[in-house]
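Everything on this sheet refers to the single structure shown next.
Dropping the structure here:
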């Protein structure tokens, strides 16, 4: 007989390996890397002239271009409405407000960027460029300069210093000069350092507490210095006289100012005016050096916008809308909205925009000028066409023809070049896939009737249309070919979708079933002698894996495919081989209905009802990822409906005070969950939060009996606990003072005082250190420090840290959340005690430290409260939904990883408290509820318990062997969430929807690992909560 699979790795390691591996499945299903390396490029103005590697022949191809040189100016983080709309009087810079004399002049429209508006109104073409997620600086610049959207493989290869593995407009140019931030401009110099010259300022100059406009003036001064050097440098002068020249000016000021002061501030508007002044100064310098030769094209845009809270990264509309203005050589003049059909249609569409979105209010005369919106990647073919350069490989931008002032023939040929460049990407992917597969079905719309290359028939037809001078139809056909090429690329990239989604679904469902087997074996059923059941599961698992491996080998599939097949094969092999555990568990459950002849029916109905309620709770959580109101509904349900419908009348009577407090804390948390995420800093609320924590701490100091118990261990450790609590309250008072002083100083633009920064870091680092070294005591006379004491110290250690990193009312949420956790644990402990008493009366021999169906509710509540800890102060879109402003109290200089680490610390603190409470709830022994204490029903059991009984007196317990069982049970729900979100991933529609769908899956997928790590940390911090170590 075949041996059964007996290798069962530790749950944490298996869960970590499984979820990390299957996190990548999302990208193999939907977002495989689009980067390929075609060997053919197509010149922009001919459409059929092939050139070689990037940069080769660029100068020659650019000779007949509309422009000899192009100046790209990027206002990092500049919103489109800030660039185009009139500025309310309250947001105008102080100098502008002071210059306005009289009410009429003060009430007149005032614009932050009048020079740019003048170009849009009288000189060039304009529109809104729509970005994709993530709305960050790197992917934004890659999209506009390289024409491709963020390669998802960059997530694993780095962010700041990640070299560009693809062409860009800069390295297909004859020569390029880039000035700006050290985080951006060096990215584009890796492939062609001999032709791309870069200058950037030092990283420490990016100080959020200082005037960021100096960074923009620095860029201007370097550009002017370059032109000045050319007058005495013959080599530089010759370079500047060549065609195909690109200047890239990166202005970081708006992004830095927006983070520090937010977009709706005078500082942000003032920085936008500085950017406008820099644009005008650059034009003057260009005009002076090249003597108004009319051969320079200018293009201004932004890499991303900015939300009202001063962040970006997600798909919020304010982040994805950026200004785009082009003028100069090769760019058409402005076109008024005529009364023709197209003009009337756009006028009506923009009226609808203004009616439904205040973002487009106040754009003034621009509402009467034709607006041509584009996707961000479309900027790349626009720039290369203006310069007559070959389009970068991997560019998927669509040439916006309406921006060009060239002949119809040139537009048709440029459209063909654009389409052929994208088609070449499909051909490379097609060839790579066909070469490695035994049977490959090509993308039918691009399949040729002969042995020609894919799409060859369409190219020939378009060339014939151009030869026949049917340019409009040729342009239309080129755009259709480009769309087909993009669809073909997506088809090839997702070719294995059906196979992979079946494997991944089987893996997640297998993970749930495997976890249930583990729980049954270790936490539900009593140990028995090894079973002699068949090895059917092992045989089926090995056979399935072998067959899939053969297919993968024949098709030369990636090695990771074997792992995608290995996990479901292993999971289901173990589950099938362990099917006897399900029979035993069902028999055990049926024994509880032994007095009833319909025991199997009742047990089946009970299982179905609990499963239905669990699935309903999971669906509510799914809804909560989209609508925050779902968390409020859930909190109200567990706060009021749960006690009313599922607790006995005796329990409700005896626990009336606890239930009232529980309902009020749930109501408070529900209030935070229903609030919007747009918040302003409030020092009074921060001080109120500190005051409430101080009052609670003061009560504990004045009434130490609240910490005392009948155990000698608790009395011994009480003195040290109260001593550390005094230190923590002093630290909290200092934290409040530092927070107030830093917030006021930063708001007044006086910068961050060095003393405040030092004190803040000392509080951040020393508070957990002295809490651990002084507050956590070793065993004394065989007794361990009560775990409840450690929990208390950790709550008050978190308070000053959370206060430092809070903007408004987050610390109040932490207080309400912590209270809700403690009350939840107390109620669950009381319910466990009531059930234990009833069970002992019926089956006195039964032990009550086993997992039961009742614990399914506890696990679902745990999963729900975990989400509440996150959604109480932010939203799901990304970490950017949490404000950066409080971080400036510790890190005023731009440091993305350190800032992200501080934000993560703030996000993790509520989760840590949840893990600590769960640990105590799981391990504390069952204690009698108030209604039973006088009867002494459980006294015999309690007397044999360890000193952890003191903890049970505070909040009750479930008397489980460890806290892992509940986490694993909740992890089953998390895997079902992950599978639901995997099916809901969007690859079409708005990028807001696509980005959110990705985030949903990533979060849900890692929940089980995250909970297991928190449980391990809680065990390390609290121990077993008694005198056992």
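In full-length UniProt numbering, the protein residues as written are 1 to 1029.
Cβ coordinates follow ideal geometry from the N, Cα and C atoms, glycine included.
Asked, Found
"Segment limits, beta strand (DSSP E) that includes residue 126", "125 to 130"
"Classification of residue 906 by the beta-carbon crowding that lies within 10 angstroms, buried from 16 upward", "buried"
"Spatial neighbours of residue 978 in its chain, beta-carbon cut-off 7 Å, leaving aside the 5 residues before and after", "508, 1001, 1004, 1005"
"Option nearest residue 973 by Cα separation, candidates 113, 377, 863", "863"
"Residue 869 vs residue 911 beta-carbon contact at 8 Å", "yes"
"For residue 436 and residue 443, the rounded distance between their alpha carbons", "16 Å"
"When 405, 392, 853 are compared against residue 169, the one with the closest alpha-carbon", "392"
"Secondary structure of residue 42, DSSP reduced to three states", "strand"
"Simplified DSSP assignment, three categories, for residue 218", "helix"
"Inter-stretch contact (C-beta, 8 Å, three-pair minimum) for the region 684 to 694 and the region 725 to 739", "yes"
"Cβ neighbours of residue 940 in the same chain (closer than 7 Å, five flanking residues each side left out)", "Below a pLDDT of 50, predicted positions are generally treated as unreliable, and residue 940, at 41, falls in that range; the measurement from the model is reported next regardless. So the list is empty, once near-sequence residues are dropped."
"Own chain, CB closer than 6 Å to residue 741, minus 5 neighbours either side, in chain order", "756"
"Inter-residue spacing [alpha-carbon to alpha-carbon] between residue 114 and residue 276", "7 Å"
"Outcome for residue 567 when other beta-carbon atoms lying within 10 angstroms are tallied against a minimum of 16", "buried"
"Those residues which DSSP pairs with residue 323 across a bridge", "128"
"Residue range of the alpha helix (DSSP H) that includes residue 176", "Unbroken run through residue 176 is the beta strand (DSSP E), 175 to 180; no alpha helix (DSSP H)."
"Inter-residue Cα distance where the pair is residue 430 and residue 666", "56 Å"
"Span of the alpha helix (DSSP H), counted from its first residue to its last, around residue 861", "854 to 871"
"Distance, residue 852 Cα to residue 604 Cα", "15 Å"
"Residue burial classification, residue 598 (beta-carbon count within 10 angstroms, cutoff 16)", "exposed"
"Candidates 195, 495, 122, of which the one nearest residue 327 by Cα", "122"
"Residue 293 Cβ short of 7 Å to the ligand ATP heavy atom set", "This structure lacks the ligand ATP, and indeed carries no ligand of any kind."
"Buried versus exposed, by CB contacts within 10 Å (16 or more), residue 528", "exposed"
"Check whether residue 752 and residue 889 have beta carbons under 8 Å apart", "yes"
"Inter-stretch contact at 8 Å, needing at least 3 Cβ pairs: the region 384 to 402 / the region 345 to 353", "no"
"Where the beta strand (DSSP E) containing residue 385 begins and where it ends", "Per DSSP, residue 385 belongs to no beta strand (DSSP E); it is in the alpha helix (DSSP H), 379 to 387."
"First and last residue of the uninterrupted beta strand (DSSP E) at residue 197", "196 to 200"
"Beta-ladder partner(s) of residue 375, from DSSP", "130"
"Extent of the continuous beta strand (DSSP E) to which residue 135 belongs", "Note, residue 135: premise wrong, no beta strand (DSSP E); not H, not E."
"Residue ranges of each alpha helix (DSSP H) within the region 435 to 480, 4 or longer", "456 to 467"
"Coarse secondary structure for residue 15, derived from DSSP in three states", "helix"
"The region 195 to 202 / the region 265 to 276 touching (three or more Cβ pairs under 8 Å)", "no"
"Coil, strand or helix - residue 312 by DSSP", "coil"
"Alpha carbon of residue 968 to alpha carbon of residue 975, nearest angstrom", "10 Å"
"Run of the beta strand (DSSP E) containing residue 69, from where it starts to where it stops", "69 to 75"
"Residue 419 beta carbon less than 8 Å from that of residue 329", "no"
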